[in-house]
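Just so you know, we're using the working numbering here: the sequence shown kicks off at 65 and counts up by one. Glycine is no exception: its CB is placed at the ideal position from the N, C-alpha and C atoms.
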Amino acid sequence: MNNELIKITQDENGNSVVSGRDLHEFLEVNTPYTQWFERMVGYGFTENVDFIGLSQKSEKPIGGRPQQDHALTLDMAKEISMIQRTEKGKQARQYFIEVEKAFKEQYRLPQTPEEKLALTMEVTTRINKRLGKVEEKIIEIENKQEINSDQRYKLWVTRNR
């Protein structure tokens with residue numbers, strides 16, 4: 065998606081995630097992040113399933129505690145956006161829905177029996193072409209190289225399996 069409202073990144077497992085602080089900022093929530101996030105978790109979200117806690121270095125140069133952030137799944141971010149019941153919340157929710165649609169379309173798997181059969185036929189055709197090239201190379205090697213009868217037998221067995 066070209067128009068990125070809220071930055072979406074990949075976690076170490078390849079899942080799409082959103083910074084809780086980025087979402088909080090986009091939604092223009094007046095409550096401090098940590099209080100707001102604790103309230104959002106109260107809607108039934110689970111750590112290490114829906115979100116992962118992250119520590120960040122403090123933006124203050126002297127002292128201070130590390131700033132807490134969270135990597136949220138897209139589902140959690142979408143649900144939180146719906147809970148907000150604001151124009152920004154609606155905008156964020158629609159954004160996450162569009163991101164999901166684009167992702168599903170990009171990596172869409174065949175669903176109908178016809179689509180599955182077509183994919184199977186396409187893969188089979190590609191495999192058969194590669195196999196044909198391998199067989200041609202074996203014949204070329206047989207014809208160009210001097211080999212003894214034992215080697216010729218092994219090639220014949222390999223080709224006729």
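Under the three-state DSSP convention, the category residue i falls into
{"i": "VAL81", "result": "strand"}
{"i": "ASP214", "result": "helix"}
{"i": "THR150", "result": "coil"}
{"i": "GLN132", "result": "strand"}
{"i": "ILE72", "result": "strand"}
{"i": "THR222", "result": "helix"}
{"i": "MET65", "result": "Residue placement at MET65 cannot be trusted, given a pLDDT of 47 that sits under 50; what the coordinates show is reported in the next sentence. Looking at MET65 - three-state DSSP - the assignment turns out to be coil, as it is neither helix nor strand."}
Residue i and residue j closer than 8 Å at C-beta
{"i": "GLY78", "j": "HIS134", "result": "no"}
{"i": "ILE70", "j": "VAL82", "result": "yes"}
{"i": "LEU138", "j": "GLU164", "result": "yes"}
{"i": "LEU181", "j": "SER145", "result": "no"}
{"i": "LEU136", "j": "LEU183", "result": "no"}
{"i": "GLU206", "j": "ARG216", "result": "yes"}
Range of the contiguous alpha helix (DSSP H) that encloses residue i
{"i": "ASP114", "result": "Run containing ASP114: none; DSSP gives neither H nor E here."}
{"i": "GLU178", "result": "177-208"}
{"i": "THR98", "result": "97-105"}
Reference residue i, options the options, closest by Cα
{"i": "GLN131", "options": "GLU162, PRO96, VAL82 and ARG157", "result": "PRO96"}
{"i": "THR73", "options": "LEU219, ALA141 and GLN155", "result": "ALA141"}
{"i": "GLU199", "options": "ASN224, ASN212 and LYS154", "result": "ASN224"}
Worksheet item: Does the count of Cβ pairs from the segment 156-165 and the segment 96-110 closer than 8 Å reach three?
Response: no
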